[in-house]
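Sequential numbering from 2 applies to the sequence shown in the working numbering. Beta carbons are placed, not taken as given, at the ideal position from N, Cα and C, and that holds for glycine. None of these values were measured; they are calculated from a predicted model.
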Amino acid sequence: MDKDKITTKRKDNGKSHTRVTMRDIAEIVGVSPSTVSRVLNGGANSELISAETRQKVRDVAAELGFTPNPLAKALRGGRSNLIGLIVREIADPFFSNLIQALSNSARNKGYQIVLGYVHSDPGTALEMSRVLDTRFLDGLIVMGDLRDDEHAVVAETLENNPAVVALCRGTSPSSLFTINIDNVAGIQMLFKHLFALGHRRIGFLECGWVVDIAERKQAFIHCMQANGLEIAPGWIQKAGSGMAGGYAAMQVLVEQPNRPTAVIAADDLTAVGALKAALDSGLRVPDDLSITGFDDVEMASYVHPSLTTIRQPINTLAEDAIDHLIALIKSPSDNNDTVMRVQPELIVRGSTARVRH
2 MDKDKITTKR KDNGKSHTRV TMRDIAEIVG VSPSTVSRVL NGGANSELIS
52 AETRQKVRDV AAELGFTPNP LAKALRGGRS NLIGLIVREI ADPFFSNLIQ
102 ALSNSARNKG YQIVLGYVHS DPGTALEMSR VLDTRFLDGL IVMGDLRDDE
152 HAVVAETLEN NPAVVALCRG TSPSSLFTIN IDNVAGIQML FKHLFALGHR
202 RIGFLECGWV VDIAERKQAF IHCMQANGLE IAPGWIQKAG SGMAGGYAAM
252 QVLVEQPNRP TAVIAADDLT AVGALKAALD SGLRVPDDLS ITGFDDVEMA
302 SYVHPSLTTI RQPINTLAED AIDHLIALIK SPSDNNDTVM RVQPELIVRG
352 STARVRH
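Below, the structure is given as structure tokens:
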């Protein structure tokens with residue numbers, strides 16, 4: 002092995018910030034690039050190459066820090082070990098934590114995540130189609146709900162690449178396997194908790210446009226009606242997004258005649274904003290008003306009082322999504338429109354207490 006050539010090539014590539022190629026390795030070893038490719042990629046008849054040459058190729062590749070180009074591998078008809086992740090929301094801590102969990106799970110199984118962030122601006126279907134219409138990805142995960150014009154894009158993508166899984170979406174095109182939290186079970190847990198504490202006047206803070214939130218709202222209405230409880234006008238407030246939306250909605254709710262003694266917020270960020278609004282209005286939480294959230298993001302345990310909420314098992318959601326996607330990559334014909342509902346967990350903290358009036 003020519004150590005001088007290796008040293009020179011390493012320096013040259015370092016100066017120009019270029020990637021080490023199979024041609025570089027071939028020049029140093031004194032073989033053709035196709036031979037290097039057969040050795041490093043396990044190509045056809047690679048066992049016919051002498052053991053000495055195979056070892057030289059591997060040693061030089063290691064010395065130069067060569068890493069295979071997954072996109073080039075995909076173009077040659079192989080697998081890239083890349084998974085696309087299409088996501089509309091990255092600011093919400095729940096989704097950012099889920100993205101991290103998906104990345105960790107994929108990496109542990111030999112895959113890398115390629116993130117496609119689709120903004121919430123209208124008419125993003127074309128942008129989304131450009132992200133989805135790629136030859137370089139082994140599979141795709143579509144996370145969160147899409148607007149109406151984007152469902153057709155996903156459906157068309159399924160025709161070209163059946164290895165697609167939906168995650169945390171209320172609705173999905175046909176033939177798309179979906180993994181989501183059981184929103185109804187989560188709201189039932191919160192309602193039963195508050196009901197057991199003696200609360201009968203319970204309000205709800207709705208936020209956002211996604212189907213998950215609509216499912217939670219409908220589950221709340223069903224729980225109230227099934228237990229013969231009135232939902233007075235104004236007890237369901239439509240909040241804007243995030244903590245600011247929760248703050249503004251709670252300001253309206255606390256001014257309602259015969260206001261609720263407990264409030265279920267559709268997610269934790271809304272609940273945190275609502276908590277501050279209640280405290281700013283002079284109410285004591287939970288003495289005067291109990292507040293709950295949904296998601297169990299990290300800040301839920303750090304606000305004061307800490308937030309009673311529903312925990313979504315992020316690692317379980319991520320593992321299930323990656324495992325099922327890899328199964329589809331290996332056997333695309335197994336795709337179907339099954340919806341897997343993951344069970345949530347009630348986390349009781351300091352923001353709820355027995356009703357006092």
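CA-to-CA distance, residue j to residue i, given in whole angstroms
i           : j           : result
residue 309 : residue 296 : 10 Å
residue 94  : residue 57  : 48 Å
residue 76  : residue 83  : Confidence in residue 76 is poor, its pLDDT being 45 and thus under 50, which makes the residue's placement too unreliable to answer from.
residue 285 : residue 242 : 24 Å
residue 89  : residue 144 : 7 Å
residue 66  : residue 346 : 46 Å
residue 238 : residue 170 : 23 Å
residue 197 : residue 211 : 30 Å
residue 178 : residue 164 : 9 Å
residue 191 : residue 265 : 8 Å
residue 355 : residue 221 : 19 Å
residue 32  : residue 113 : 31 Å
residue 283 : residue 104 : 43 Å
residue 28  : residue 311 : 60 Å
residue 72  : residue 111 : Model confidence at residue 72 stands at a pLDDT of 49, short of 50, so the residue's coordinates are unreliable; what they give is reported in the following sentence. In a straight line, the C-alpha of residue 72 is about 15 Å away from that of residue 111.
residue 109 : residue 62  : 24 Å
residue 267 : residue 60  : 57 Å
residue 229 : residue 324 : 43 Å
residue 54  : residue 81  : 26 Å
residue 41  : residue 91  : 37 Å
CB of residue i within 9 Å of CB of residue j, strictly
i           : j           : result
residue 307 : residue 263 : no
residue 261 : residue 204 : yes
residue 186 : residue 342 : yes
residue 138 : residue 209 : no
residue 207 : residue 184 : no
residue 288 : residue 357 : yes
residue 213 : residue 181 : yes
residue 275 : residue 106 : no
8 Å Cβ shell around residue i - same chain, five flanking residues per side excluded
i           : result
residue 273 : 244, 247, 294, 300, 301, 304 and 308
residue 315 : 95, 98, 99 and 102
residue 194 : 293, 309, 347, 349 and 353
residue 227 : none
residue 189 : 220 and 224
Beta-carbon contacts of residue i that lie in its chain and below 6 Å, excluding the five residues immediately before and after
i           : result
residue 235 : 257
residue 252 : 278
residue 361 : Nothing about residue 361 can be reported from this structure: the residues present for the chain run from 2 to 358 only.
residue 23  : 34, 37 and 38
residue 1   : One cannot answer for residue 1 here, as it falls past the ends of the chain, which runs 2 to 358.
residue 250 : 206, 238 and 240
residue 200 : 262, 263 and 356
Boundaries of the alpha helix (DSSP H) in which residue i is found, first to last residue
i           : result
residue 248 : 243-254
residue 189 : 184-197
residue 310 : Unbroken run through residue 310 is the beta strand (DSSP E), 310-312; no alpha helix (DSSP H).
residue 28  : 23-30
residue 221 : 212-227
residue 279 : 269-281
residue 53  : 52-65
Beta strand (DSSP E) segment containing residue i, residue limits
i           : result
residue 293 : 291-293
residue 238 : 237-240
residue 263 : 263-266
residue 113 : 113-118
residue 204 : 203-208
One or two residues paired with residue i in a DSSP bridge
i           : result
residue 181 : 342
residue 169 : Paired residue(s): none; residue 169 is not in a bridge.
residue 95  : Answer is none; residue 95 lacks a bridge partner.
residue 141 : 85 and 165
residue 347 : 311
residue 296 : 312
Beta-carbon contacts of residue i that lie in its chain and below 7 Å, excluding the five residues immediately before and after
i           : result
residue 326 : 84, 140, 142, 164 and 166
residue 21  : 14, 65, 66 and 67
residue 344 : 183 and 186
residue 280 : 286
residue 50  : 36, 39 and 40
residue 322 : 103, 142, 166, 168 and 180
9 Å Cβ cutoff, residue i in contact with chain C
i           : result
residue 275 : Absent here is chain C; the protein component of the structure consists of one chain.
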